[in-house]
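Peer 1:
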Amino acid sequence: MSSVLNNATTGLLAFQRAIATTSQNIANANTEGYSRQRIDLDSISPSAHYAGAVGRGVRVDNVERLHNEFSTQRVIESSSAYTAEDTHLNLASRIDALVADEALGLSPAMSEFDAALQDAAANPSSAAVREVLLGSGQALADRFSSMQIELSSTRNEVAQRMDSDINEVNELALSVADLNRRITLLGTQGGTNEIEDQRDLLIGRIADLIDVKTVSQDNGAVNLAIGNGQWLVTDSMTREMRIVSDATEPSGQALQIGGGDLWENLDDNVTTGGSIGGYLAFARDTLSPTEQRLGRLARVVAEGINETHRSGIKPDGTTGQDWFDVPGPLVIESPDNTSSASLSITIDDNSALQASDYEVRHSAGNLYVTRRSDGETFDGAAPLSIDGLIIALDGTPADGDTFIVSANGAVATGMSQRLTDPMDIALARRLGVDIGLENPGRATIEQPSVTDVLHPGLDSSVEIVFTADDTYDVIDSVSGTALASNMSFTSGEAIAYNGWQTRISGIPQLGDSFTISPGDTPSTDNGNALALSDLQDALSINGTRTSVDEYASLVSYVGGSTRQLDTRAQGLSTLLAEAQDRRDALSGVSLDEEAVDLSRFTQAYQASAQVVATADTLFQNLLAVVSR
Amino acid sequence: MSLRITDTGLNRQMLADLQRTQSTIAETQLQIGSGSRINKPSDDPGAIARLVDIESTQSRLDQYTRNADAAESRLVLEETAMASAIETLSRLRELAVQANNDTMDDAGRTAIATEITERLGELYEAANARDAAGEYLFAGTQGSVRPFSPGNLNAWNGNEVPRELPITLNRTVKSGDFGADAFLRVPAGNGTFAVSSNPGNTGSGVIDAGSLNDSASFTAHDYEILFTTANTYDVVDLDTGTTVIAGATYTAEESIIFDGIDTYIKGVPAAGDSFQIVSGEQKDIFSATSSFIDALNQPFTNATERASTRQLIDNALSSFNQSLESLSTVRSRIGARLQIIETSRNENDAVNIQLAHTRSDLQDTDITEAVVRLENQSTTLELLYKSFERVDSLSLFDYL
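Protein chains in written order, with the numbering used here: chain P, 1 to 628; chain C, 629 to 1028.
1. Express the C-alpha separation of residue 303 of chain P and residue 548 of chain P in angstroms, rounding to a whole number.
2. Could you tell me which residues DSSP pairs with residue 891 of chain C in its beta bridges?
3. Along the segment 652–676 of chain C, where does the CB come closer than 8 angstroms to a CB of chain P? Name the residues.
4. Based on the DSSP output, what are the partners of residue 395 of chain P in its beta bridges?
5. Closer than 7 angstroms, Cβ to any Cβ of chain P: which residues of the segment 757–781 of chain C, in chain order?
6. Where residue 412 of chain P and residue 145 of chain P are concerned, what is the direct C-alpha to C-alpha distance, given to the nearest angstrom?
7. What in chain P is Cβ-close to residue 792 of chain C, meaning under 7 angstroms?
8. Say whether chain P places a C-beta atom closer than 8 angstroms to the C-beta of residue 789 of chain C.
9. On the premise that residue 124 of chain P lies in contact with residue 529 of chain P, defined as a C-beta separation below 8 angstroms, what is that separation, rounded to the nearest angstrom?
10. Residues of the segment 118–135 of chain P with a CB closer than 9 angstroms to any CB of chain C: list them in chain order, please.
11. For residue 99 of chain P, which residues from the same chain have a beta carbon less than 7 angstroms from its beta carbon, with the 5 sequence-adjacent residues on both sides left out?
12. Flag residue 744 of chain C as yes when its Cβ comes closer than 7 angstroms to any non-hydrogen atom of the ligand FMN, and as no otherwise.
13. Would you kindly work out how many angstroms separate the C-alpha atoms of residue 631 of chain C and residue 592 of chain P, rounded to a whole number?
14. Since residue 435 of chain P meets chain C, which of its residues come closer than 7 angstroms, beta carbon to beta carbon?
15. What number of angstroms, rounded off, separates the C-alpha of residue 1006 of chain C from the C-alpha of residue 1012 of chain C?
16. Keeping to the same chain, check which residues put their C-beta closer than 6 angstroms to that of residue 748 of chain C; ignore five residues upstream and five downstream.
17. Distance check for residue 572 of chain P and residue 995 of chain C, CA to CA, integer angstroms please.
18. Answer yes or no: do residue 266 of chain P and residue 329 of chain P have a C-beta to C-beta separation smaller than 8 angstroms?
19. Could you check whether the Cβ of residue 599 of chain P sits closer than 8 angstroms to any Cβ belonging to chain C?
20. Here's the rule I'm using: 16 or more other beta-carbon atoms within 10 Å means buried, otherwise exposed. How should residue 365 of chain P be labelled?
21. Just to confirm the assignment, what range does the alpha helix (DSSP H) spanning residue 133 of chain P have?
22. Quick one: residues in its chain with C-beta nearer than 8 angstroms to the C-beta of residue 615 of chain P, no 5 flanking neighbours on either side, listed in chain order?
23. To the nearest whole angstrom, what separates the beta carbons of residue 710 of chain C and residue 962 of chain C, a pair I think is in contact under 8 angstroms?
24. Figure out for me which residue from C/712, C/888 and C/915 has the closest Cα to the Cα of residue 956 of chain C.
25. Along the chain, where does the beta strand (DSSP E) that runs through residue 62 of chain P open and close?
26. Following the continuous beta strand (DSSP E) through residue 726 of chain C, name the residue where it begins and the one where it ends.
27. Since residue 789 of chain C contacts residue 771 of chain C with CB under 8 angstroms, what's their CB separation in whole angstroms?
28. Can you tell which of P/283, P/229 and P/533 has its C-alpha closest to the C-alpha of residue 253 of chain P?
29. Do you know offhand how far residue 15 of chain P's Cα is from residue 61 of chain P's?
30. Which one or two residues does DSSP pair with residue 213 of chain P in a beta bridge?
31. Here's the rule: buried if 16 or more other CB atoms are within 10 angstroms of the residue's CB, otherwise exposed. What is residue 25 of chain P?
32. For residue 588 of chain P, go through chain C and note every residue whose CB falls closer than 9 angstroms to its CB, in chain order.
33. Tell me, please, whether the CB atom of residue 272 of chain P is closer than 8 angstroms to any CB atom in chain C?
34. Kindly indicate the opening and closing residues of the alpha helix (DSSP H) around residue 939 of chain C.
35. Quick one: list the residues of chain B neighbouring residue 148 of chain P, beta-carbon separation under 7 angstroms, in chain order.
36. If we define contact as Cβ-Cβ less than 8 angstroms, is residue 960 of chain C a contact residue for chain P?
Next up, the structure:
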C-alpha cells in the first residue's frame, strides 16, 4: 500500500516539475536565445530484485536544455557573414546614391563646364560669358571636392563606428569570460541552462561584430578566437581589441589584439565577418577604389586644363596660368623608418596614372614597389618610373625603410579654382599666323599648334619665306637670324621650330611669306577655348578612356558592386534564416507542443492524484474490515 | 523527418515575407512615381554607364545647336555685308562704263567721281561690318580692331586666323572670313595679267585688258610692248630680256598674240610709246577705286591725255570685275557654310531624337507593366496579411 502511495507521490512531484518546466518554456516562448527545456524522467527500480517486484516510482533525472552546439555555431557563422555583407551593403548604397545624383554627381558639372567653354568660344570678347565660364569652373572644382568630402566623411564615420564596435567586443568578451567562470564553478552541479543560453546570446552578439570561432572546453567554458586563431577569451581570461593608426596600412589603421605591452596585428583580410568585417571590406573594396578613381579623375581633368590653359593667351596678351589648384602626390613615411630619407615624386604622364597607392620599400640601393590595387610589384634603382610617376630618393634611406606613395588619395578634396578674374581666362591661341598680303602663290598654312610650351623661342616671331617655288628659309623676324635655310618644300609636311608646329599645303611661289607670331593683341580668337573643350574627347585616363567615360565607368563600378552586395546579402539572409530554423527546430519553443505537454503532464498529475485517492480508498476499505 | 515548427520561427518567416513584399512594393512605387526604372546606379549598372554617356552627348548636341546659332548669326551678317559690297561694286562698274563713254564731258566725269567717293564710303562700311557683339567680321581673330581704314589703303589690321566653332560631333564651321581674301587680295587686270600704258606716252594708244588665249604657253613673265616707230613695235620679255616679237606692223585693234597672251591696242601710238603687261599682281579694291576717282577728276584737253584717262578707266573696270568675282566667291563660301549649318542642325536633331529614344528605352518605366506588377505585389501582401491572421489565431490552447 505504501508503495502505491509512494509511487503516486513521486509521480505527483515529477509531473509538478514537468508542468513547471513547461511553464518555463511557455514563459520564455519569446525570449531571445532561450533554448527549450525538457524534463528527463527515470523510473526507479524496486529495492529488491525478485519476480513480482514493483518499481518505486519515477524520478526527475535532469531538466535538459535542448541544444546542439553545431547548429548554434552555424547560426553564429551565418549571422556573422550576413551582418558583414549587410553593413557593407548599407555603406555602399550611400556611395551608390552619391555618384549618380543629379545635384552631386560629376557628369552634369563636366557637361556644364564644357558648354560654358563653347559659349565662350562662340563669343570670346564677352565679359558676361567669361563670368559664366568662371562660375562653372568653380562649380566643377566644388563638385569634385564635395564628392570627395562626402567620401571622407563616410570614412570617418566608419572609423567611429568601428571604434565603438571594438569597445563593444571588448565588453562582451568580459561578460563571456565572467559567464565562463560561473559555469565552471557550478561544474557538474547543473542548473546552468539559463546561463549557457545567455552566453550563447553574447557570443552571437560578438559574432555580429566580428567573426569569432568558439571552442567548447570539457569544464563547460567556451573559448573564443578571432582573426587567424588569435584568442580573445580563454576560460575566464580575456584580451582586448584596439585600433591604432598605421600609415603603412591601406586604411591608415591597424586592428590589434592583446593587452598591456603585448599587441599583435590582426590581418584585415581574415577579418571578414560581423560589422567590423563589413567596415573593412567597405573601406577596401568600395571606398578606396572610388576615392582613388575620383582623385585620379580630378588630377587628370584639372592638370589637363591647366596645361592647355597655360598655352593660351589672355585678353591682355599675356599667357594663361594654371586654372585649378590640385595637391601634389603624397609620400607617407613609415614611423619605423630608421633614416630621415624621403621620396620625391613627380608626375610624368597623367594619362598613365593608375587608381592605386604604392608601397615602396628600400633595400640595398634598390626600391621595391608594390601597387596596392592589384599587388603588382616593380623594382629597380631610383629614380624609378612607374605608371606615369617618377619615384626619386631624397636622402639615403636605410634598408627596410618603407614609404607609401599616394598620387590620387585626397586630390579631389584639395581641388579648387585658382582663377578669380574672368579676364584671366586664356581663350586665344598662343600663336597666330599672317599670310603675306602680296603672296603670289596660293598656298595655305595651318594654324600653328604649340608642342612645347616651355620653349624659350616660342614667342618670337618667325617668318617662313619661299626662296624658290620649292624651297624656303625660316627666319627669326626680330633678330633676322635664319633658323633654317633652303629647306625643300613638300606640301602638307610638318614644319616645326621653336616649340610650335604647322603645315603649309598647296602650291607656293617664290616670294610667298608666312609669319608665325604670338597671337595678335587684343585678340578675339577662340582657339584655346576649343582646345580646352577638346580635352573632353582626349583618352586621358589610362590612355584608354575619356574623362566622361571614366566617370561613367566609375558609376557603373559602384552600382555593380552595390548590386552584387545586395544579391549576396539576400543569399546570406536566406542562409541565416535556414540556420535559425534548424536551430529553432531543436531549441525553439512551440506553444502547441507545450500545450500538448501541459495537458499530458496535467493528466498524469491528475492520474497520480487519483492513485493517491485509490490508495486512500483501499486503506479505508482495509480499516473498515479490520475495525469490524 | 520534417522540421519542428516553432512559434518564433513562424513569426520570423512571416515578418521576413512581409518586409520583402513591402520593399518590392516601395520599389515599384518609386519606379512609377519617378517614371524611371533606374533610380540609383545599382538598379542597372550596365545601363547607368550608357546613360551617363548619353546625357553627356545630349548636352553637347544642345551646345552644338547653340554654336550653330551663334555662327549663323555672324554668317548672316557677313552675307549682308557681302551683298551690300557687291551691290556697291556693280554700281561702280556701271559708272565706269558710263565714264568710258566718249560723249562724257569733264563735268559729267566729276559728277561720277563725286558719286564714287560716296560709294567708297559704303564699301568701307561693308568691309568693316561688325557682329552683334561689336566684333569686326572681316578681321580674323583681331575682331576688336577696325580692319580697314580710309587713307591707309593697304594697311589691314586683321589677321588670317580662322574663328571656328564645332557644330556637330565631328564638324566645325568657320564663323568669319578674312577681309584680305574679299577686299585686298584681288588679282589685278583680267585676273591673269594686268596691262598699263606708260604715263610718258605721247600718242593716243590705249591697250586692252586682253585675255589668256593659251594657258599652256603662258609664262607669267612681265612684258613690254615698245613702239620703235609710229607703226612698228617690239614685244620684249622683261624677265628674260628676249624679244618675243620684233618689228611687227601696228594695225589698230588687231590682236597682238604672244606667249599665250592675246591683247590689242587702239588709237594712234607715237614712236617711243610703251605698254606694260605684268602677271600675278594683286590690287586691293580700295586703291583701285581711289585711282578711278583720280582718273575721273583728271580733265583732258588732247588725245594723249584722253588716252591716258581711258587707260585708267579701262583698268578700273577690270579691277571692279575682278573684285566682284572675289566678293562673289566669298559670298558663295558663306552661303555654303550657312547650308552646312542648316544640315548640321538637322543632323544634330536626328541624333538627339535617336539618343532620347535609346535613353527612354534604357531608363523609362514601362508604366503598364509596373502597374500590373504593383497589382500583383499588393495582392501578395494582402494574402500575407490574411494568412498571418489565420495562422496567428490558431492555438491549441484555445481548444483545451
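C-beta: ideal position from N, C-alpha, C; glycine also.
Peer 2: Let's see:
1. Here the question's residue 548 of chain P lines up with position 548 in the first sequence. Here the question's residue 303 of chain P lines up with position 303 in the first sequence. Those two C-alpha atoms are separated by around 16 angstroms.
2. For the purposes of this step, residue 891 of chain C is taken as the residue at position 263 of the second sequence. The partner list for residue 891 of chain C (beta bridge, DSSP) reads C/884.
3. Within the segment 652–676 of chain C, the residues whose Cβ lies closer than 8 angstroms to some Cβ of chain P are 668, 669, 670, 671, 672, 673, 674 and 676, listed in chain order.
4. Mapped onto the first sequence, residue 395 of chain P falls at position 395. Answer is none; residue 395 of chain P lacks a bridge partner.
5. 761, 763, 769, 770, 771 and 772
6. The residue you call residue 412 of chain P lines up with position 412 of the first sequence. The residue you call residue 145 of chain P lines up with position 145 of the first sequence. The alpha-carbon separation between residue 412 of chain P and residue 145 of chain P amounts to approximately 5 angstroms.
7. Working through the second sequence from its first residue, we reach residue 792 of chain C at position 164. Result: 530.
8. As a working note, residue 789 of chain C is residue 161 in the second sequence. When Cβ-Cβ separations below 8 angstroms define contact, residue 789 of chain C makes contact with chain P.
9. Along the first sequence, one-based indexing puts residue 529 of chain P at 529. Along the first sequence, one-based indexing puts residue 124 of chain P at 124. Indeed, because the Cβ distance is near 7 angstroms, the residues count as touching under 8 angstroms.
10. 118, 119, 121, 122, 123, 124, 125 and 126
11. Position 99 of the first sequence holds residue 99 of chain P. Hits under 7 angstroms: 105, 554, 555 and 558.
12. Among the components of this structure there are no ligands whatsoever, and the ligand FMN is therefore not found.
13. Against the second sequence, residue 631 of chain C aligns to sequence position 3. Against the first sequence, residue 592 of chain P aligns to sequence position 592. Roughly 15 angstroms between the two C-alpha positions.
14. Working through the first sequence from its first residue, we reach residue 435 of chain P at position 435. Within 7 angstroms Cβ-Cβ: 788.
15. What you label residue 1006 of chain C is simply residue 378 of the second sequence in a count that begins at 1. What you label residue 1012 of chain C is simply residue 384 of the second sequence in a count that begins at 1. Cα to Cα, residue 1006 of chain C sits roughly 10 angstroms from residue 1012 of chain C.
16. By 1-based counting over the second sequence, the position of residue 748 of chain C is 120. Closer than 6 angstroms at the Cβ level, and outside the excluded window around residue 748 of chain C, lie 917.
17. What you label residue 995 of chain C is simply residue 367 of the second sequence in a count that begins at 1. What you label residue 572 of chain P is simply residue 572 of the first sequence in a count that begins at 1. Rounded to whole angstroms, residue 995 of chain C to residue 572 of chain P spans 32 angstroms at the Cα level.
18. The residue labelled residue 266 of chain P in the question sits at position 266 within the first sequence. The residue labelled residue 329 of chain P in the question sits at position 329 within the first sequence. Contact: no.
19. Your numbering for residue 599 of chain P matches position 599 in the first sequence. So yes, residue 599 of chain P belongs to the interface.
20. Stepping through the first sequence from its first residue, residue 365 of chain P is reached at position 365. Label assigned to residue 365 of chain P: exposed.
21. On the first sequence, residue 133 of chain P is found 133 positions in, with the first residue counted as 1. For residue 133 of chain P, the enclosing alpha helix (DSSP H) starts and ends at 127–186.
22. Locating residue 615 of chain P in the first sequence gives position 615, where the first residue counts as 1. For residue 615 of chain P, where only same-chain residues beyond five positions count, the Cβ hits under 8 angstroms are 1, 4, 5 and 8.
23. If you number the second sequence from 1, residue 710 of chain C lands on position 82. If you number the second sequence from 1, residue 962 of chain C lands on position 334. The pair is a contact, with the Cβ atoms about 6 angstroms apart (cut-off 8 angstroms).
24. By 1-based counting over the second sequence, the position of residue 956 of chain C is 328. Among C/712, C/888 and C/915, the Cα nearest to that of residue 956 of chain C belongs to C/712.
25. Here the question's residue 62 of chain P lines up with position 62 in the first sequence. That run of the beta strand (DSSP E) goes 58–65.
26. Reading the second sequence from its first residue, position 98 is the one you call residue 726 of chain C. Looking at the DSSP string, residue 726 of chain C is not in any beta strand (DSSP E); the run it does join, the alpha helix (DSSP H), is 673–727.
27. Taking the first residue of the second sequence as position 1, residue 789 of chain C is located at position 161. Taking the first residue of the second sequence as position 1, residue 771 of chain C is located at position 143. The Cβ separation is near 10 angstroms, so there is no contact.
28. As a working note, residue 253 of chain P is residue 253 in the first sequence. With distances taken between Cα atoms, residue 253 of chain P lies closest to P/283.
29. Taking the first sequence and counting its residues from 1, the one referred to as residue 15 of chain P is at position 15. Taking the first sequence and counting its residues from 1, the one referred to as residue 61 of chain P is at position 61. So the alpha carbons of these two residues sit roughly 12 angstroms apart.
30. Residue numbering aside, residue 213 of chain P sits at position 213 when the first sequence is read from its first letter. Per DSSP, the beta bridge partners of residue 213 of chain P are P/225.
31. Here residue 25 of chain P is taken as the residue at index 25 of the first sequence, counted from 1. Classification of residue 25 of chain P: buried, given that the 10 Å Cβ count is 16 or more.
32. Walking along the first sequence from the start, residue 588 of chain P turns up at place 588. 632, 633, 634, 635, 636 and 637, listed in chain order.
33. In the first sequence, counting from the first residue as 1, residue 272 of chain P sits at position 272. Not one chain C Cβ lies under 8 angstroms of residue 272 of chain P.
34. Reading the second sequence from its first residue, position 311 is the one you call residue 939 of chain C. Counting along the chain, the alpha helix (DSSP H) containing residue 939 of chain C begins and ends at 931–991.
35. The structure shown contains no chain B; the protein chains it does contain are P and C.
36. Numbered from its first residue, the second sequence carries residue 960 of chain C at position 332. Not one chain P Cβ lies under 8 angstroms of residue 960 of chain C.
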